[in-house]
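Residue numbers (the numbering used here): 1 to 224. Just so you know, even glycine gets a beta-carbon here, dropped at the ideal spot from N, CA and C. Keep in mind it's a predicted model, so treat the numbers as computed, not measured.
Printed below as a string of structure tokens:
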């Protein structure tokens, strides 16, 4: 019995030999993956235009465009991994496939258990890469955001101000800056405590953000 995958993924199988294509399609389905199948690179590109495909498994020798050319196009246009398969290992090398952007290379006759192991490895590496990208984006956002008000911080303000000044000079249009201050905020903190003061600042940040137009930005400039 094939162990079901815990990673949701959609696979596209490209092979002009219907027996191999159908067998891979069935085996991948048993492993818990959704899959499409087609016999040509041209049809594969049409499927990619209208569906989110995580991994393409393609033969190299295909009618018309070959699998390496398809791999090259996919890697230049889509966030999709490619596993290349071929029965002509003497004509095509692992290095050639990898240089085109393929994530793995499998020889025919295909051992389905081996193909599944390689597919799961590619998907796991893909998941790790995506998680790392999201984490990096989050860290970059935290570096320029005030944690309390969720407005941009003063470091971001000075950097953006330089850019806006350059843009103003280039296009000869004015810059508008508006500074806001909360009156008697120190007295409020002293009376009700810093926790309540933080709540005021947090809510104040929400109000400001709700008033912004798409082209506007807001920053926490000082202590308030």
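- Task: Going by DSSP, name the residue or residues bridged to residue 34.
- Result: Note: residue 34 is bridge-paired with 10 in the DSSP secondary-structure output.
- Query: Quick one: Cα of residue 22 to Cα of residue 69, how far?
  - Reply: Take the alpha-carbon of residue 22 and the one of residue 69: they are about 23 Å apart.
- Message: Quick check: the Cα distance between residue 116 and residue 124, rounded to an integer number of angstroms?
- Response: Between residue 116 and residue 124, the alpha-carbon positions lie close to 12 Å from each other.
- Message: Report the start-end ranges of each alpha helix (DSSP H) in the stretch 105-185 that is 4 residues or longer and not cut off at the edges.
- Response: Uninterrupted alpha helix (DSSP H) stretches at least 4 residues long and entirely within the stretch 105-185 occur at 112-143 and 154-171, given in chain order.
- Query: How many angstroms separate the CA atom of residue 59 from the CA atom of residue 139?
  - Reply: Taking the straight line joining both Cα atoms gives about 40 Å.
- Task: Check residue 53 in the structure and name its three-state DSSP category.
- Result: In this structure, residue 53 counts as coil in the three-state DSSP scheme.
- Message: Short of 6 Å in beta carbon distance, which residues of its chain neighbour residue 105, apart from the five on each side in sequence? Order them along the chain.
- Response: Answer for residue 105: 84, 94 and 97, listed in chain order.
- Query: What three-state label does DSSP hand residue 81 in the structure shown?
  - Reply: Three-state DSSP puts residue 81 in a strand.
- Message: With H, G and I counted as helix, E and B as strand and the rest as coil, what does DSSP make of residue 88?
- Response: Three-state DSSP puts residue 88 in coil, outside helix and strand.
- Message: For residue 9, which residues in the same chain have their Cβ closer than 7 Å to its Cβ, ignoring the five residues on either side in sequence?
- Response: Answer for residue 9: 33, 54, 55 and 123, listed in chain order.
- Task: Under 8 Å Cβ to Cβ from residue 174, same chain only, skipping five residues before and after it: list those, please.
- Result: If you ignore the 5 residues before and after residue 174, its C-beta comes within less than 8 Å of the C-beta of 168, all in its own chain and listed in chain order.
- Item | Span of the alpha helix (DSSP H) around residue 94 | Counting along the chain, the alpha helix (DSSP H) containing residue 94 begins and ends at 94-99.
- Query: Helix, strand or coil: how does DSSP classify residue 72 here?
  - Reply: Of the three classes helix, strand and coil, the one that applies to residue 72 here is helix, per DSSP.
- Message: Please tell me whether residue 72 and residue 108 are closer than 8 Å, where the distance is taken between their beta carbons.
- Response: Contact flag unset, no.
- In whole angstroms, what is the alpha-carbon distance linking residue 159 and residue 19? Cα to Cα, the separation comes out at about 60 Å.
- For residue 187, which of 179, 180, 178 and 197 has the nearest alpha-carbon? With distances taken between CA atoms, residue 187 lies nearest to 197 out of 179, 180, 178 and 197.
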